[in-house]
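Asks:
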Amino acid sequence: MRKRDEHKISLVHQKALELIVHEGLNGFSMQKLAKAAGVSPATLYIYYKDKNDLILQLGIEEGRRMSVATLKDFDPDMSFEEGMRIQWRNRAEFWLSNPDSIQCFDHLRHSPFRDQIYNSVVSELSEPLGRFTKNAVKKGELKPMPLEVFWSIAYAPLINLIKFHQEGRSVGNRPFSISREIMDQTLELVLKALKP
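The C-terminal residue of the sequence shown carries number 264 in my numbering, and the numbering is unbroken.
So this is what it looks like as structure tokens:
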């Protein structure tokens, strides 16, 4: 049996991300990936059963990377304000440092792979983040609300700022670049909306 070449796997992973971002899932093929990675198509089948297996593994690995980054320095028992600041910092850092990963995840979110990827990854985030919000409600630091409402208020503003930054433009086609001050100002408004 042939030994796993971690460098080659990493290269294939990176090229797969790039291809999915630039060509979408419909334009992605094992042949294109092999060419982009400079390997033979047969090499890909040493590591993956088929195209679907490769896409699924890629999505799960990227989801886990995002989960680990999101939970860095985070403790579900910390105060609501401190936990939100860490969450915003971690999420912004990951999104800004890994644009291909985020764009690939957007493609996968609207694909038949969505449920399998989310089921593999969500549990890693849902337990600590669920405990964090329950603790905040118990301590009187967070209004009780449905998860969808919380998520829309807590994280959507950050995601919009990051998207404006990545596009270099905001509303009205105004030039935009994210800054710590803008993030802090936005987070303060989010915290006001979420606190009792």
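Each residue gets a CB set at the ideal place from its N, CA and C atoms; glycine is no exception.
Does DSSP put Arg-237 in a helix, a strand or coil?
Replies: In the structure shown, Arg-237 sits in a strand (DSSP, three-state: E or B).
Asks: So, at 7 angstroms on beta carbons, what are the nonlocal neighbours of Ile-170 in its own chain, with the 5 sequence-adjacent residues on each side left out?
Replies: Within the same chain, Ile-170 has close Cβ partners Trp-163.
Asks: Taking its Cβ as the centre, do 16 or more other Cβ atoms sit within 10 Å of Trp-219, making it buried, or is it exposed?
Replies: So Trp-219 counts as exposed.
Asks: Report all residues from its chain with a CB closer than 8 angstroms to the CB of Pro-243; omit the five preceding and five following residues, and keep chain order.
Replies: Closer than 8 angstroms at the Cβ level, and outside the excluded window around Pro-243, lie Gly-236, Arg-237.
Asks: With distances taken Cα to Cα, identify the nearest neighbour of Arg-132 among Ser-188, Lys-207, Val-89.
Replies: Considering only alpha carbons, the answer is Ser-188.
Asks: Which complete alpha helix (DSSP H) runs does the stretch 165-247 hold, if anything under 4 residues is left out?
Replies: Runs of the alpha helix (DSSP H) inside the stretch 165-247: 167-177, 182-206, 215-222, 224-235.
Asks: Could you tell me the distance, in whole angstroms, from the CA atom of Phe-96 to the CA atom of Glu-150?
Replies: Answer to the nearest angstrom: the Cα atoms are 41 angstroms apart.
Asks: Assuming Ser-147 and Glu-209 are in contact, meaning their beta carbons sit under 8 angstroms apart, how far apart are those beta carbons, in whole angstroms?
Replies: That pair is a contact at about 7 angstroms.
Asks: Restricting to Cα atoms, I'd like to know which of Leu-262, Gly-240, Val-205, Arg-199 is closest to Tyr-223.
Replies: Closest by alpha carbon: Leu-262.
Asks: So what's Gly-284 in DSSP terms, helix, strand or just coil?
Replies: As displayed, the chain neither begins before 69 nor continues past 264, which places residue 284 out of reach and without an answer.
Asks: Measuring CB to CB, does Leu-87 end up less than 8 angstroms from Ala-104?
Replies: Yes, Cβ-Cβ distance for Leu-87 and Ala-104 is below 8 angstroms.
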